[in-house]
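Asks: In order, the protein sequence lines correspond to chains A and B. Heads up: the first sequence is residues 262 to 665, going by the working numbering. Heads up: the second sequence is residues 2 to 135, going by the working numbering. Just dropping this structure here.
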Amino acid sequence: MVQFDPISLRQQFPILSQLANDHPLVYLDNAATTQKPHCVLNAIMDYYQTSNANVHRGSHFLSDKATNLFEQARQTVAEFIQAPEESHVIWCKGATEAINQVAYGLEAELKPDDEILISSLEHHANLVPWQQLAQRTGAVLRSIPFTSDAKWETEYASYFNEKTKIFACAQISNAIGVQLPLKQLMLEAKRVKALTLIDGAQAVAHYPVNMAELDCDFYVFSGHKMYAPTGIGVLYGKEKALERLQPLQTGGEMVLRVSLSSTEFNRLPYRLEAGTPNIEGVIALASACDFLMAQDRQAILNWEISLANRVRRILLNEADIKIYSPENSTLVSFVVKNINLVDLNGFLDSKGIGIRSGSHCAHPLMAQLGVNGTLRASFACYNNERDADHFVATLLDAIDLLAE
Amino acid sequence: MNLQEIKIQFNQCHSKEESFRALVKISKTLNKLDTDLKIDKNAVTGCESQVWLIAKEDSETGLWQFNADSDAKLIRGFLAIIFAHVDGLNSQEIQQVNLIESLENLNLSAYLTSSRNNGIRAIISKIQQLTNIN
Chain A
262 MVQFDPISLR
272 QQFPILSQLA
282 NDHPLVYLDN
292 AATTQKPHCV
302 LNAIMDYYQT
312 SNANVHRGSH
322 FLSDKATNLF
332 EQARQTVAEF
342 IQAPEESHVI
352 WCKGATEAIN
362 QVAYGLEAEL
372 KPDDEILISS
382 LEHHANLVPW
392 QQLAQRTGAV
402 LRSIPFTSDA
412 KWETEYASYF
422 NEKTKIFACA
432 QISNAIGVQL
442 PLKQLMLEAK
452 RVKALTLIDG
462 AQAVAHYPVN
472 MAELDCDFYV
482 FSGHKMYAPT
492 GIGVLYGKEK
502 ALERLQPLQT
512 GGEMVLRVSL
522 SSTEFNRLPY
532 RLEAGTPNIE
542 GVIALASACD
552 FLMAQDRQAI
562 LNWEISLANR
572 VRRILLNEAD
582 IKIYSPENST
592 LVSFVVKNIN
602 LVDLNGFLDS
612 KGIGIRSGSH
622 CAHPLMAQLG
632 VNGTLRASFA
642 CYNNERDADH
652 FVATLLDAID
662 LLAE
Chain B
2 MNLQEIKIQF
12 NQCHSKEESF
22 RALVKISKTL
32 NKLDTDLKID
42 KNAVTGCESQ
52 VWLIAKEDSE
62 TGLWQFNADS
72 DAKLIRGFLA
82 IIFAHVDGLN
92 SQEIQQVNLI
102 ESLENLNLSA
112 YLTSSRNNGI
122 RAIISKIQQL
132 TNIN
């Protein structure tokens, strides 16, 4: 294990050593996407320089090399999420595609009046596919409300009933950093025999995850939020759950035998991976997993939380700031009374600070909180105290400048 | 603030921060819109923040006067600059003003992110649409 050293860790991310609008770049939009370390960038370059060929098809030198790297990557990712079996790791474009695969894949099983249950703080990616599935099948989409004092409705168990066929929720809210009580929720879902899906997009960069412990039917995440490139992500599923899915896409790679009148699909994982996959993305994702597994992950998590708490402590003293994210999160999500988010974001950007303002693709949650959006500063392993302090000082300057 | 003063002001800006401060400053010159005018009918859609815009044509002279408001000072700053270009012109003259180019000449192109840029473009389209009644 590499001993945690924030200075040498940051040096592995070449993009960070530039000026933004004449100021040293401060990147605090990590919940949207993370930057990529040298090892991930090199994995892409190496693949094209030494191993590029289509996988699973040809039997020649490069094809074997590419296929080996590709299937080793599946093992690496299975290890990263502590999945018992690598053939249960399905490649997809990202968490959004993974959730769509599950939503389309279960369509034939749903009847009118069946219920799909989600939480009210979901990203649109874990809401719209279920809403559309409900509309296509006559099922009902319900959501466990999240109360504004950041406590889960104590009665959430009552939302699970014998009609609940699917329960889907985030591990961590992208907009406000709240962690859901997954253990209890999974127990409730199992009690009513609902299929369960956890959106781990906001978790995997920060927390080691263990599929056996989570015990969900499906777990999805995107590579680009955990130091890998865009366009690659994972749908993990238990074998029985994956077998129930109709493929979202059909075509090459996912078949065993094809005649004009019928097709016999391939076994898992290939059955759900139509077409030439994103080979470079898969290999780079494995490199990002290796990168993370080599780190002292607890030390990194403590570091990220300490930076967010450092910001949070100062913002708590500002009467005009309302914070929506909990303590000991890796992000701080807040609004400033009477000051527009676009203005605050504009001033921060002019000082080289990149954060996110807006609804964070979670309109129902924002409506429930009674705001149009929030400002969100989200931390990753390469951020440092200077980033946190520069952000806070600039934010306070912005408030001075923009207050009526 | 007239066009000449605006040009002087923004030509002195050598960084995005200075432009931002200048936009906030000029936003204070824009009159506020009455609350009863901040309605859907007057809203400019396609902006990251809320914007309402009203155009009035003098029935005798055919010259236009604009009023607008936004909850973002940044957008109010842009509105003040845009109106300095088109206030008191007739429809034909307004159609000939290249507002995007004018904003670029004020060193504001680098400042606009694509989403805000779209908002400014939406405001400009709305002005052209409202004044193009012939």
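For each residue, glycine too, the CB sits at the ideal point set by N, CA and C. Just so it is clear, the structure is predicted and the values come from calculations on it, not from any experiment.
With residue 591 of chain A as the anchor, note down where its alpha helix (DSSP H) starts and where it stops.
Replies: Unbroken run through residue 591 of chain A: none, as it is neither H nor E.
Asks: What residues in its chain sit with their C-beta under 7 Å from that of residue 532 of chain A, if we drop five residues either side in the sequence?
Replies: Closer than 7 Å at Cβ, skipping near neighbours: 508, 515 and 526.
Asks: Thinking C-beta only, is residue 546 of chain A closer than 7 Å to residue 484 of chain A?
Replies: Contact: yes.
Asks: With 7 Å set as the bound, which would you pick, yes or no: does the beta-carbon of residue 28 of chain B sit closer than that to a beta-carbon of chain A?
Replies: For residue 28 of chain B, the answer is no, since every Cβ of chain A falls outside 7 Å of its Cβ.
Asks: Strictly under 7 Å for the Cβ-Cβ distance: is residue 381 of chain A near chain B by that measure?
Replies: No, because no Cβ of chain B sits closer than 7 Å to the Cβ of residue 381 of chain A.
Asks: List, in order along the chain, the chain B residues whose C-beta lies closer than 9 Å to that of residue 277 of chain A?
Replies: By Cβ distance, chain B contributes nothing, its closest Cβ being about 19 Å from residue 277 of chain A, past 9 Å.
Asks: Since residue 75 of chain B meets chain A, which of its residues come closer than 7 Å, beta carbon to beta carbon?
Replies: 603, 604 and 607, listed in chain order.
Asks: Within 8 Å, do at least three Cβ pairs link the stretch 365-377 of chain A to the stretch 342-356 of chain A?
Replies: In short, these stretches do not touch, since the Cβ pair count stays below three.
Asks: Pull up the distance between the alpha-carbon of residue 686 of chain A and that of residue 353 of chain A, whole angstroms please.
Replies: Residue 686 of chain A lies beyond the range of chain A shown here (262 to 665); nothing can be said about it.
Asks: Checking contacts by CB at 7 Å: is residue 611 of chain A closer than that to chain B?
Replies: Yes, because at least one Cβ of chain B sits closer than 7 Å to the Cβ of residue 611 of chain A.
Asks: For a test of the three-state rule: what should DSSP assign to residue 300 of chain A, helix, strand or coil?
Replies: Looking at residue 300 of chain A - three-state DSSP - the assignment turns out to be helix.
Asks: Decide if residue 421 of chain A is buried, meaning its Cβ has at least 16 other Cβ atoms within 10 Å, or exposed.
Replies: It is buried - the Cβ of residue 421 of chain A has at least 16 other Cβ atoms within 10 Å.
Asks: Could you work out which residue in A/279, A/654, A/492 and A/622 is closest to residue 574 of chain A when comparing CA atoms only?
Replies: Measuring from the Cα of residue 574 of chain A, the nearest candidate turns out to be A/654.
Asks: If you measure between the beta carbons of residue 593 of chain A and residue 628 of chain A, is that distance less than 7 Å?
Replies: Cβ atoms of residue 593 of chain A and residue 628 of chain A: not closer than 7 Å.
Asks: Using 7 Å as the limit for Cβ to Cβ distance, is residue 283 of chain A near chain E?
Replies: Reference to chain E is not applicable here, since the protein chains of this structure are A and B.
Asks: In chain order, what residues of the same chain have a beta carbon less than 6 Å from the beta carbon of residue 707 of chain A, not counting five sequence neighbours either side?
Replies: With chain A covering 262 to 665 only, the question about residue 707 of chain A has no answer from this structure.
Asks: Is it a yes or a no for the stretch 615-628 of chain A touching the stretch 547-556 of chain A, going by three-plus beta-carbon pairs under 8 Å?
Replies: Touching, no.
Asks: Check the C-beta distance from residue 81 of chain B over to residue 27 of chain B and give it rounded, since I have them as a contact under 8 Å.
Replies: Their Cβ separation, rounded to whole angstroms, is 5 Å, which keeps residue 81 of chain B and residue 27 of chain B in contact under 8 Å.
Asks: Note down, in chain order, every chain B residue with its Cβ under 8 Å from the Cβ of residue 663 of chain A.
Replies: Here the neighbours are 25 and 74.
Asks: Please go through the stretch 324-411 of chain A and give each complete alpha helix (DSSP H) segment of 4 or more residues, from N-terminal end onward.
Replies: Correct list: 356-366 and 389-398.
Asks: Against chain A, does residue 105 of chain B count as a neighbour if the rule is that its beta carbon must be under 7 Å from one of theirs?
Replies: Chain A, which has no Cβ nearer than 7 Å to the Cβ of residue 105 of chain B, makes this no.
Asks: So, are the CB atoms of residue 395 of chain A and residue 388 of chain A less than 7 Å apart?
Replies: It is not a contact, given that the beta carbons lie outside the stated cut-off.
Asks: Hey, residue 478 of chain A and residue 458 of chain A are a contact pair by Cβ (cut 8 Å); roughly how many whole angstroms apart?
Replies: Sure, about 7 Å apart at Cβ, within 8 Å.
Asks: Starting from residue 532 of chain A, follow the beta strand (DSSP E) in both directions and report where the run begins and ends.
Replies: That residue, residue 532 of chain A, is in no beta strand (DSSP E); it is neither H nor E in DSSP.
Asks: Report buried or exposed for residue 470 of chain A, applying the criterion of at least 16 other Cβ atoms within 10 angstroms of its Cβ.
Replies: Per the 10 Å Cβ criterion, buried.
Asks: Could you tell me whether the Cβ atoms of residue 640 of chain A and residue 588 of chain A are closer together than 7 Å?
Replies: Taking 7 Å as the Cβ cut-off, residue 640 of chain A and residue 588 of chain A do not qualify as a contacting pair.
Asks: To be precise: take each residue of the stretch 119-134 of chain B, compare its Cβ to all Cβ atoms of chain A, and keep it if any distance is under 7 Å. Which residues remain?
Replies: Within the stretch 119-134 of chain B, no residue qualifies.
Asks: What's the call for residue 582 of chain A, buried or exposed, on a 16-neighbour Cβ count within 10 Å?
Replies: Buried, because 16 or more other Cβ atoms sit within 10 Å of the Cβ of residue 582 of chain A.
Asks: Is it true that the CB of residue 286 of chain A sits closer than 7 Å to the CB of residue 513 of chain A?
Replies: In this structure, residue 286 of chain A does not lie closer than 7 Å to residue 513 of chain A by Cβ.
Asks: Can you look up residue 525 of chain A in the DSSP assignment and give me helix, strand or coil?
Replies: Note: residue 525 of chain A maps to strand in three-state DSSP.
Asks: Mind listing the chain A neighbours of residue 21 of chain B? Cutoff is C-beta to C-beta under 8 Å, in chain order.
Replies: The answer, in chain order, is 607, 608 and 611.
Asks: Would you check if the distance between the CB atom of residue 433 of chain A and the CB atom of residue 464 of chain A is smaller than 7 Å?
Replies: The answer is yes: Cβ separation under 7 Å.
Asks: Should the stretch 47-54 of chain B be called in touch with the stretch 88-105 of chain B, which here means at least 3 C-beta pairs below 8 Å?
Replies: At 8 Å Cβ cutoff, the stretches do not touch.
Asks: Name the one or two DSSP bridge partners that residue 65 of chain B has.
Replies: DSSP output for residue 65 of chain B lists B/58 as bridge partner(s).
Asks: Give me the DSSP bridge partner(s) of residue 583 of chain A.
Replies: Answer is A/596, bridged to residue 583 of chain A.
Asks: For residue 390 of chain A versus residue 552 of chain A, is the C-beta distance shorter than 7 Å?
Replies: No, the pair does not count as a contact, with Cβ atoms beyond the cut-off.
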